[in-house]
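These protein sequence lines map, in sequence, to chains H and P.
When the letters of the first sequence are read in order and numbered with the working numbering, they come out as residues 10 to 160.
When the letters of the second sequence are read in order and numbered with the working numbering, they come out as residues 10 to 160.
Beta carbons are placed, not taken as given, at the ideal position from N, Cα and C, and that holds for glycine.
Bear in mind that the values here come from a model prediction, so they are computed numbers and not experimental data.
Protein chains: 2
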Amino acid sequence: MAMSGKPSETVIRAWARLLRAQRLALADVEAALKKAGLPPLIWYDALLEIERAGENGVRPFELERAMLLAQYNLSRLLDRIEHEGYIEREAARDDGRGRIVRMTEKGRAMRRKMWPVYARAIETVIGRSLTSEQVAALDGALGSLIEGLTR
Amino acid sequence: MAMSGKPSETVIRAWARLLRAQRLALADVEAALKKAGLPPLIWYDALLEIERAGENGVRPFELERAMLLAQYNLSRLLDRIEHEGYIEREAARDDGRGRIVRMTEKGRAMRRKMWPVYARAIETVIGRSLTSEQVAALDGALGSLIEGLTR
DNA sequence: TGTATATAGATGCATATGCATTGACATGCG
DNA sequence: CGCATGTCAATGCATATGCATCTATATACA
């Protein structure tokens with residue numbers, strides 16, 4: 010598997026491109042959402058995770074891990090989303106320290122509204138410039154990368 | 010080349026992984042720099058670009074494009090870097106609106122000091138989990154992606 | 001030439017993020 | 001049980017980023 014010692018030119022270039030591609034792509038997607046008058050991307054991620062949790066809701070610390078967010082950032086993100094009425098927080102019954110986050114109907118509606126715009130932006134950003142073989146290669150390599158970073 | 014309409018499952022997964030891989034990798038690299046008591050990654054990028062410009066220096070608007078930074082963010086980044094004495098700014102002789110950014114010796118020293126830490130972090134993050142074939146595939150796919158996003 | 005428009009860069013103000021700490025409860029262990 | 005230690009979540013304060021605007025100069029063109 011791995012290489013060792015100092016990074017090869019290809020590794021360095023791949024690194025630089027990872028940063029650059031993500032920045033460019035993310036900027037386009039965020040711009041599409043903003044242009045449509047919708048909340049930022051991270052709200053979508055949060056709403057999706059929370060909606061998936063269903064009736065039982067999710068604990069913030071679970072969201073924190075799923076979304077790779079720092080605890081204080083998640084706490085404040087939830088403040089903002091709750092303030093717009095898309096979620097509700099209540100005390101966890103089985104853990105006096107904890108909270109339960111649940112979707113509201115308004116939140117479900119917003120997530121549904123965001124998806125088409127988001128999906129179109131993803132397709133524009135990824136699908137437009139890559140063949141399906143390239144997408145598969147990218148997906149595979151990123152999968153390995155994530156696996157390596159998560160372990 | 011491209012696909013059309015709604016994004017396929019693979020496109021969506023590749024998108025999600027692009028975000029996730031970049032976040033994980035970047036967090037590791039930033040942590041390595043911080044642990045070594047060094048400035049954040051973006052300072053390295055700036056110092057490298059400015060050093061490359063040599064004696065003649067660079068105009069901020071050129072850096073802005075090279076680094077994909079918003080104008081006001083670059084302006085303030087340069088404030089901070091200048092405040093540490095790593096660069097100098099002066100009025101551009103041939104354009105009364107403009108400035109010239111130049112490296113100081115202290116700045117060169119800092120960039121040199123950062124590189125080994127940064128390089129080791131890149132190697133750890135990319136090289137550790139991917140074979141050189143996978144790195145090449147990733148690099149190639151990201152290259153196409155960037156090309157598509159830049160055009 | 002004179003006036004409109006565009007570009008370079010800085011900055012006030014609002015929002016978001018990072019860091020450190022706190023308050024509240026849970027868990028482990030003598 | 002009683003205390004030390006760990007975990008969950010929120011928050012005060014500092015720093016960074018986004019947005020809108022401003023100043024100054026350059027460029028285009030009537």
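Using beta carbons (cut-off 9 Å, strictly below), is residue 63 (chain H) in contact with chain P? Contacts with chain P at 9 Å (Cβ-Cβ) do not include residue 63 (chain H).
Over what stretch of residues does the alpha helix (DSSP H) that includes residue 110 (chain H) continue unbroken? Premise fails: residue 110 (chain H) lies in the beta strand (DSSP E), 108–112, not in any alpha helix (DSSP H).
Give me the Cα-Cα distance between residue 144 (chain H) and residue 40 (chain H), rounded to the nearest whole angstrom. Cα to Cα, residue 144 (chain H) sits roughly 23 Å from residue 40 (chain H).
Of all the options P:61, P:147 and P:156, which has the alpha carbon lying nearest to the alpha carbon of residue 121 (chain P)? It is P:61 whose Cα lies nearest to the Cα of residue 121 (chain P).
Give the DSSP-derived three-state secondary structure of residue 100 (chain H) in the structure shown. Residue state for residue 100 (chain H) is assigned as strand, using DSSP reduced to three classes.
Can you grab the Cα-Cα spacing for the pair residue 58 (chain P) / residue 74 (chain P), in whole Å? Their Cα atoms are separated by approximately 11 Å.
Can you have a look at residue 69 (chain P) and say buried or exposed, based on whether 16 or more other CB atoms are within 10 angstroms of its CB? Result: buried.
At 7 Å on the CB atoms, spell out the chain H contacts of residue 134 (chain P), in chain order. Contact of residue 134 (chain P) with chain H by beta-carbon distance below 7 Å involves 158.
Count the other CB atoms, across all protein chains shown, that sit within 10 Å of the CB of residue 54 (chain P); report buried if there are 16 or more and exposed otherwise. Buried, because 16 or more other Cβ atoms sit within 10 Å of the Cβ of residue 54 (chain P).
Is the beta carbon of residue 24 (chain H) less than 9 Å from the beta carbon of residue 67 (chain P)? Not closer than 9 Å, so no.
Taking 9 Å as the threshold (C-beta atoms), are residue 108 (chain P) and residue 98 (chain P) in contact? Result yes, Cβ atoms of residue 98 (chain P) and residue 108 (chain P) sit closer than 9 Å.
If I follow the unbroken alpha helix (DSSP H) through residue 15 (chain H), where does it start and stop? That residue, residue 15 (chain H), is in no alpha helix (DSSP H); it is neither H nor E in DSSP.
If residue 42 (chain H) sits next to residue 147 (chain P), beta carbons under 8 Å apart, how far is it from one beta carbon to the other, in whole angstroms? Wrong, their Cβ atoms sit about 27 Å apart, outside the cutoff.
C-beta contact flag for residue 141 (chain H) and residue 153 (chain P) at 9 Å: Contact annotation: residue 141 (chain H) and residue 153 (chain P) have beta-carbon atoms that are not nearer than 9 Å.
Let me know the alpha helix (DSSP H) ranges lying completely inside the region 28–69 of chain H, each 4 residues or longer, listed in chain order. Unbroken alpha helix (DSSP H) stretches of 4 residues or longer found wholly inside the region 28–69 of chain H: 50–62, given in chain order.
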